[in-house]
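**Student:** Numbering (our numbering), first residue to last: 98 to 199.
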């Protein structure tokens, strides 16, 4: 029996500090949730592998730091990415404006 193809995708999560990027990555990749999550320094990534119709799909999910001091580093994590998810706090106008003007 022949094996199916393997596809790999890099996804980058972007957004202000403390909006839930790390929580999303942790939930998707490890099915975990932490009430209190430490801020990401620079960037971190986890992987998630799915088998769909005999095909292997590997996601490399990058969690970027939201703090202002790390914003100059963020563009290097975009390189080679297939998608970006923009995460923001819907209860905060400031958080939304941060994304619009960034």
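Cβ coordinates follow ideal geometry from the N, Cα and C atoms, glycine included.
With C-beta atoms as the reference, is residue 106 less than 8 Å away from residue 180?
**Tutor:** Yes, Cβ-Cβ distance for residue 106 and residue 180 is below 8 Å.
**Student:** Could you tell me the boundaries of the beta strand (DSSP E) in which residue 107 lies?
**Tutor:** From DSSP, the beta strand (DSSP E) with residue 107 extends over 103 to 111.
**Student:** Is residue 130 near the ligand NAD, going by C-beta to nearest heavy atom under 7 Å?
**Tutor:** Only the bare structure without any ligand can be found here, which leaves the ligand NAD out of the picture.
**Student:** Going by alpha carbons, who is nearest to residue 132 out of 111, 161 and 115?
**Tutor:** It is 115.
**Student:** I need the boundaries of the beta strand (DSSP E) containing residue 89, first residue and last residue.
**Tutor:** In the structure as shown, the chain begins at 98 and stops at 199. Residue 89 is therefore absent and cannot be evaluated.
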